[in-house]
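Residue numbers (my numbering): 276 to 768.
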Amino acid sequence: MSSLKWLSFGIGAVSSVVIMLLVLLISEAGGSLAMSNLPMMLIGALVGGFVIGLIHWIFMDQLEKETANAANHVEQLCHGKALPGEYQGRFGLGVVLEVIEQTLSSMSQRQEELVTKRKELDIRLRLAEAEQKHLTSILDSLNDAVVVTDTFNEVALANAAAEELFHFNLDKARQSPVDHVINDSALTTLIKDTREGNRAVRKRRLEQRIQQAGREAIFDVTLSCVKEKMSSQTESSVALSDESASGVVTILRDITREREIAETKSDFVSNVSHELRTPLSSIKAYMEMLIDGEAQDDQTRAEFYNIIQGETNRLSRLIDNILNISRIESGIVRVQREHISLSAVIKEAVGIMLPQARAKQIELVEVPNPDYFQVFADRDMILQCALNLFSNAIKYTDVGGRVSVSVGVNEGARMVTVAVSDTGVGVPDSDKPHLFDKFYRVADHKNLAKGTGLGLNLVKHVVETVHGGEVGVESKVDKGSTFTFALPIADNG
Ligand code: ADP
């Protein structure tokens with residue numbers, strides 16, 4: 276039994292007492308109070324109190340049932356098992372329930388909206404993540420370094436090339452000030468200036484030198500202002516449509532090699548022209564002297580003819596070098612192999628170079644060598660290699676020096692080797708790895724003699740690419756150099 280129902284007994288008891296008191300008061304006031312009426316009055320008061328208590332009990336019972344019904348209905352509504360308006364309540368509970376129903380229905384509507392919004396946001400988030408992954412993989416596949424900074428000049432995005440160039444890790448560097456991440460004040464100033472400067476200039480392109488691995492590299496830098504992506508916008512807008520705050524996309528392309536090649540090419544053109552002009556002028560001068568009859572005796576004429584022949588050979592060597600390198604590189608070279616004695620080819624080369632050596636008072640010595648192994652090679656090409664090595668040895672050796680050549684055999688490796696040694700200027704250690712590169716010339720030697728940087732490259736191509744041999748160099752600055760090449764001994768050689 277509930278406390279409200281217990282209350283009915285209390286109310287019944289109190290009502291009996293009140294009725295009793297009321298009857299007593301009325302009787303006394305009317306002067307009709309008689310002791311004989313007292314039991315009747317007591318019974319009447321008790322019956323009256325009992326009836327009131329009973330009525331209260333019945334009412335409370337009904338109210339309790341109604342409240343339980345209403346609570347049950349609200350619970351059913353909450354779980355979606357009942358329909359709104361299904362419950363017609365008594366005691367005014369219907370109105371209360373109506374309000375509760377409306378509140379519940381607007382709450383569930385709001386909840387549905389929120390669930391839909393959340394799903395939408397989930398999808399957007401997943402799309403954004405996929406988009407970012409896609410963008411990152413595109414950026415990472417670029418060789419150019421890309422750094423994106425935001426309104427606060429903080430790093431927002433960068434690709435792998437940028438991480439490598441500036442030695443940082445994007446995960447740690449994200450949202451850090453760009454000048455804490457990129458250790459190049461000139462570049463970071465440029466980035467800030469681009470963002471803060473005149474917005475009309477949305478794209479700047481310039482050349483910037485940046486220290487990289489201990490050397491200065493040249494970069495082609497493009498800086499573009501970008502409008503920051505608003506949450507309501509779906510596509511990024513690179514073009515600025517208003518004066519809104521912007522970030523900067525910086526793209527850096529290493530053009531050091533391009534610059535070096537351009538420089539080398541222009542050096543090459545000027546050197547080749549010089550190399551062509553020098554023998555040509557000499558040939559022209561001696562021809563004119565011969566035509567004008569300035570060589571009056573046979574000995575002078577023979578001397579002039581020799582000079583003309585030597586210069587013509589020099590010219591054709593240069594042209595052969597250029598043509599052969601390009602033929603070997605493009606794979607269209609015609610190789611005419613035969614069994615040859617390297618000693619014989621070297622002897623011929625010495626004969627050709629003697630006048631050039633004598634002109635510089637350089638002693639050109641051929642060390643006696645064994646002649647019993649042959650190689651299977653293209654004679655003209657090998658002769659050209661020997662001539663290039665002799666020509667260099669003479670060019671880079673001071674007047675009065677010595678150049679010697681020897682042919683040896685490495686029976687273990689089954690190779691015949693040729694070594695051309697000189698007492699010349701030598702090659703610094705740092706240049707040795709590049710000596711056989713195309714167009715490479717030792718910087719310190721450029722004033723000593725003109726050249727094209729093709730001679731040794733051709734030797735390497737002919738020996739290694741065409742004949743499967745090997746080239747090498749040993750050298751000490753101011754002491755001299757020994758250039759070697761080795762060719763496989765012919766099978767039946
Ligand atoms: P070049 O036409 O410049 O002589 P090469 O390819 O024949 O071109 O040689 C490349 C460079 O190697 C030369 O510029 C020179 O600096 C260096 N070199 C070649 N031979 C010698 C040598 N015997 N002594 C010193 N340096 C040499």
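For every residue, glycine included, the Cβ atom is placed at its ideal position computed from N, Cα and C.
Exercise. Opposite residue 679 in the DSSP bridges: which residues?
Worked result: In the sequence shown, residue 679 corresponds to position 404, counting from 1. Residue 679 is bridged to 640, 696.
Query raised in the report: Along the chain, which unbroken stretches of the alpha helix (DSSP H) at least 4 residues long are found entirely within the region 409-477?
Result: 435-441, 445-448, 453-456, 460-471
- Boundaries (first-last residue) of the alpha helix (DSSP H) holding residue 755: Locating residue 755 in the sequence shown gives position 480, counting from the first residue. It is not in any alpha helix (DSSP H) - residue 755 instead sits in the beta strand (DSSP E) that spans 755-763.
Query - Residues of its chain near residue 516, where Cβ-Cβ distance is below 8 Å and the 5 sequence neighbours each way are ignored - result: Within the sequence shown, numbered from 1, the residue matching residue 516 stands at position 241. Legend: pLDDT at residue 516 = 46, less than 50; position of this residue unreliable, no value from coordinates given.
Candidates 621, 571, 703, 705: closest to residue 759 by CA position: In the sequence shown, the residue the question calls residue 759 occupies position 484. When only C-alpha atoms are compared, the closest one is 621.
If you pair each beta-carbon of the region 541-560 with each one of the region 450-467, do three or more pairs fall below 8 Å? no
| task | Look up residue 612 in the DSSP assignment and say whether it is helix, strand or coil. | result | As a working note, residue 612 is residue 337 in the sequence shown. Here residue 612 sits in strand by DSSP.
Roughly how many angstroms lie between the CA atoms of residue 591 and residue 599, to the nearest whole one? In the sequence shown, counting from the first residue as 1, residue 591 sits at position 316. In the sequence shown, counting from the first residue as 1, residue 599 sits at position 324. For residue 591 and residue 599, the distance between alpha carbons rounds to 12 Å.
Can you tell me whether residue 321 is helix, strand or coil according to DSSP?
Residue 321 sits at position 46 when you count from the first residue of the sequence shown. In the structure shown, residue 321 sits in a helix (DSSP, three-state: H, G or I).
Exercise. Helix, strand or coil for residue 329 per DSSP?
Worked result: The residue you call residue 329 lines up with position 54 of the sequence shown. Of the three classes helix, strand and coil, the one that applies to residue 329 here is helix, per DSSP.
key: Simplified DSSP assignment, three categories, for residue 312   = Your numbering for residue 312 matches position 37 in the sequence shown. Three-state DSSP puts residue 312 in a helix.
- Between 450, 423, 428, which lies nearest to residue 437 when the distance is taken from Cα to Cα? Start at 1 with the first residue of the sequence shown, and residue 437 comes out as number 162. Comparing Cα positions, the closest option is 423.
* Is there contact between the region 714-728 and the region 537-550, where contact requires at least three CB pairs shorter than 8 Å? -> yes
> How would you label residue 672, buried or exposed, when you count the other beta carbons within 10 angstroms and need 16 or more for buried?
Replying inline: The residue labelled residue 672 in the question sits at position 397 within the sequence shown. Under this definition residue 672 is a buried residue.
Residue 530 lies in the alpha helix (DSSP H); which residues open and close that run?
Here residue 530 refers to the residue found at position 255 of the sequence shown. Note, residue 530: premise wrong, no alpha helix (DSSP H); not H, not E.
Exercise for review: Measure the C-alpha to C-alpha separation of residue 761 and residue 574 and round it to an integer number of angstroms.
Suggested key: Taking the first residue of the sequence shown as 1, we reach residue 761 at position 486. Taking the first residue of the sequence shown as 1, we reach residue 574 at position 299. Using only the alpha carbons, I get a separation of about 41 Å.
Notebook entry, point to check: I think residue 328 touches residue 284, with their Cβ atoms under 8 Å apart; what is that distance to the nearest whole Å?
Noted result: As a first step, residue 328 must be located in the sequence shown, where it is residue number 53. As a first step, residue 284 must be located in the sequence shown, where it is residue number 9. Correct: roughly 6 Å between the Cβ atoms.
> What do you get for residue 281, buried or exposed, if any count of 16 or more other CB atoms within 10 angstroms of its CB means buried?
Replying inline: Numbered from 1 along the sequence shown, position 6 holds the residue referred to as residue 281. Per the 10 Å Cβ criterion, exposed.
Hey, how far is the Cα of residue 602 from the Cα of residue 536? Residue numbering aside, residue 602 sits at position 327 when the sequence shown is read from its first letter. Residue numbering aside, residue 536 sits at position 261 when the sequence shown is read from its first letter. One C-alpha to the other measures close to 20 Å.
- prompt: Between residue 289 and residue 341, what straight-line distance do the alpha-carbon atoms span, to the nearest angstrom?
  reply: One-based indexing of the sequence shown puts residue 289 at position 14. One-based indexing of the sequence shown puts residue 341 at position 66. If you take the alpha carbons of residue 289 and residue 341, they lie about 27 Å apart.
query: How is the alpha helix (DSSP H) around residue 274 delimited, first residue to last?
result: This structure does not reach residue 274, given that the chain is present from 276 up to 768, and the question cannot be answered.
- Give the range of the beta strand (DSSP E) segment to which residue 366 is assigned. Here residue 366 refers to the residue found at position 91 when the sequence shown is read from its first residue. Looking at the DSSP string, residue 366 is not in any beta strand (DSSP E), and its letter there is neither H nor E.
Reduced DSSP category for residue 481 - H, G, I as helix; E, B as strand; rest coil:
Within the sequence shown, residue 481 is the residue found at index 206, counting from 1. In this structure, residue 481 counts as strand in the three-state DSSP scheme.
*Considering only C-alpha positions, which residue in the set 426, 732, 312 is nearest to residue 714?*
Counted from its first residue, the sequence shown places residue 714 at position 439. Of the candidates 426, 732, 312, the one whose C-alpha sits nearest the C-alpha of residue 714 is 732.
Need the endpoints of the beta strand (DSSP E) that residue 502 sits in, please.
As a position in the sequence shown, residue 502 is number 227, starting the count at 1. From DSSP, the beta strand (DSSP E) with residue 502 extends over 490-502.
query: By Cβ distance below 7 Å, which residues in the same chain neighbour residue 654 in space, the five residues on each side in sequence not counted?
result: Working through the sequence shown from its first residue, we reach residue 654 at position 379. Same-chain partners within the cutoff: 613, 615, 620.
Rounded to a whole number of angstroms, what is the C-alpha to C-alpha distance between residue 510 and residue 402?
Numbered from 1 along the sequence shown, position 235 holds the residue referred to as residue 510. Numbered from 1 along the sequence shown, position 127 holds the residue referred to as residue 402. For residue 510, the predicted structure reports a pLDDT of 42, less than 50, and the residue's modelled location is therefore unreliable. A value from the coordinates is still provided. C-alpha separation (whole angstroms): 12 Å.
Give me whichever residues DSSP pairs with residue 344 in a beta bridge. As a first step, residue 344 is located in the sequence shown; it is residue number 69 there, counting from the start. For residue 344, which the question treats as bridged, DSSP gives no partner whatsoever.
For residue 751, which three-state DSSP category applies?
Position 476 of the sequence shown, counted from the first residue, corresponds to residue 751. It is a strand residue.
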